[in-house]
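What follows is a single structure, written as structure tokens, with notes after it.
Numbering (my numbering), first residue to last: 404 to 659.
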């Protein structure tokens with residue numbers, strides 16, 4: 404299916420010259436700080452593992468994110484997710500691909516390698532030296548998929564797979580139609596998602612990247628990672644377009 408690009412910027416209406424957003428709006432997109440925890444992507448001094456991840460590590464070994472979830476990026480994500488603007492998946496996939504290529508060239512994070520001569524603090528993950536075996540998008544429940552018409556995580560994942568020459572596999576399913584996470588505090592989010600996912604693909608020995616558009620508390624990705632681990636996944640990373648810097652009802656540094 405061919406998608407015609409808009410003549411005007413999707414944010415401000417100015418001439419976009421064949422792009423989805425104009426250069427001025429692109430410059431206003433809120434990038435995450437360079438120094439961030441390699442496991443949860445929240446700001447962390449020196450790019451070291453944050454206290455929350457040291458105390459209670461998430462089920463995935465690392466997290467890569469491009470933007471902070473805020474204006475005007477939130478407008479674009481809402482357009483993509485609920486407004487049917489699937490062409491924005493290309494923009495998000497391109498941004499993620501650029502971030503991942505930079506990380507690959509930079510090599511493994513020192514925070515994940517651990518002290519000289521010691522064991523890695525996230526030993527199951529090989530770091531930034533290579534890409535995983537496949538991308539696994541965050542699944543939608545069939546009822547939600549019928550309502551929305553498409554899964555934005557799958558659309559981004561497919562396009563990102565094209566950029567990185569990686570397969571995008573719907574290895575996991577959402578087996579329980581959970582209420583929306585928006586507005587729930589951290590404890591309620593965790594309870595809401597228990598048993599929500601299952602994997603029907605054998606992931607034994609696989610290095611996978613779970614992909615979603617936005618990571619808020621990390622509860623959805625954490626629960627999905629548990630399902631992938633039960634299916635045999637050896638190394639799990641989380642790739643997201645945007646990361647919120649505050650967890651609902653929990654402040655900035657709540658454990659995942």
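Built from N, CA and C at the ideal position, the CB exists for glycine as well.
Query	Result
Closest to residue 455 by CA distance: which of 537, 442 and 467 is it?	442
If you follow the alpha helix (DSSP H) that residue 485 is part of, which residue opens it and which one closes it?	476-485
Excluding five sequence neighbours on each side, which residues of the same chain lie with their C-beta closer than 8 angstroms to the C-beta of residue 632?	462 and 639
What is the rounded straight-line gap between the Cα of residue 419 and the Cα of residue 431?	14 angstroms
So residue 426 is in the alpha helix (DSSP H); what residue range does that whole segment cover?	426-430
Residue range of the beta strand (DSSP E) that residue 616 falls in?	610-618
If you measure from the CB of residue 448, is any heavy atom of the ligand MN nearer than 7 angstroms?	The ligand content of the structure shown is nil, which means the ligand MN is not present either.
At what residue ranges does the region 413-469 contain a whole run of the alpha helix (DSSP H), taking only runs of 4 or more?	426-430 and 454-458
Could you check whether residue 556 and residue 493 sit closer than 8 angstroms to each other, using their CB atoms as the reference points?	no
From this set, 629, 481 and 643, which residue's C-alpha is nearest residue 637's C-alpha?	629
Would you list the residues sitting across from residue 640 in a DSSP beta bridge?	465 and 612
Grouping DSSP H, G and I as helix and E and B as strand, with all else coil, what is residue 648?	coil
What residue range does the alpha helix (DSSP H) around residue 557 cover?	555-567
Are the beta-carbon atoms of residue 499 and residue 534 separated by less than 8 angstroms?	no
Whose C-beta lies closer than 7 angstroms to the C-beta of residue 564 among residues of the same chain, with five residues either side of it excluded?	538, 570 and 571
State buried or exposed for residue 545, treating a residue as buried only when at least 16 other CB atoms are found within 10 Å of its CB.	exposed
I'd like to know whether the C-beta atoms of residue 487 and residue 433 end up nearer to each other than 8 angstroms.	no
Taking the straight line between their C-alpha atoms, what separation do you get for residue 452 and residue 446?	10 angstroms
Is the distance from the Cβ of residue 645 to the Cβ of residue 471 below 8 angstroms?	yes
Return the residue from the list 547, 567 and 600 that minimises the CA-CA distance to residue 506.	567
Mapping the DSSP letters down to three states, classify residue 606 as helix, strand or coil.	coil
Mind reading off the beta-carbon distance from residue 606 to residue 634? Whole number of angstroms is fine, and I expect it under 8 angstroms.	4 angstroms
Counting only the same chain and skipping the five closest in sequence on each side, list residues whose C-beta sits under 6 angstroms from that of residue 520.	For residue 520, the predicted model reports a pLDDT of 40, less than 50, meaning its position is unreliable; a value from the coordinates is still stated below. Hits under 6 angstroms: none found.
Taking Cβ to Cβ, would you say residue 559 is nearer than 8 angstroms to residue 600?	no
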